[in-house]
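Just remember that this note's numbering sits 597 ahead of the position in the sequence shown, which is counted from 1. Even glycine gets a Cβ: it sits at the ideal position worked out from N, Cα and C. Structure first, commentary second.
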Amino acid sequence: MKQFLEFVIRQLVEFPDEVMLSEIANGKTFLFRLQMRQSDVGRIIGRNGQTIQAIRALLSSSAARHDQRATLEIIE
Numbered sequence: 598m599k600q601f602l603e604f605v606i607r608q609l610v611e612f613p614d615e616v617m618l619s620e621i622a623n624g625k626t627f628l629f630r631l632q633m634r635q636s637d638v639g640r641i642i643g644r645n646g647q648t649i650q651a652i653r654a655l656l657s658s659s660a661a662r663h664d665q666r667a668t669l670e671i672i673e
């Protein structure tokens, strides 16, 4: 899941080399923390939060297929 999420996010930002994604696992629950350049945060959030909602929906769907739960948090 982490590789998939990292791939999607790197395609959307202007500075993909500065994207840092950490993963915290607790049983079947995963928390992904995303850090990036401040100027790229708006690109990931999108207009009215639509982009981040779509990314979170993909992440949740992927996790559900493996009987897991996953959340994404943006660290500013």
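- Scanning H663, D664, I649, Q600 for the CA closest to the CA of S619 turns up Q600.
- In the DSSP assignment, F612 falls outside any alpha helix (DSSP H) and carries neither an H nor an E.
- Distance check between A667 and each of M633, P613, G624 places G624 closest, using alpha-carbon atoms only.
- For Q650, the enclosing alpha helix (DSSP H) covers residues 647 to 662.
- The shortest C-alpha to C-alpha distance from R634 to any of T648, A654, M617 is the one to M617.
- No Cβ-Cβ contact shorter than 8 Å links F629 with E673.
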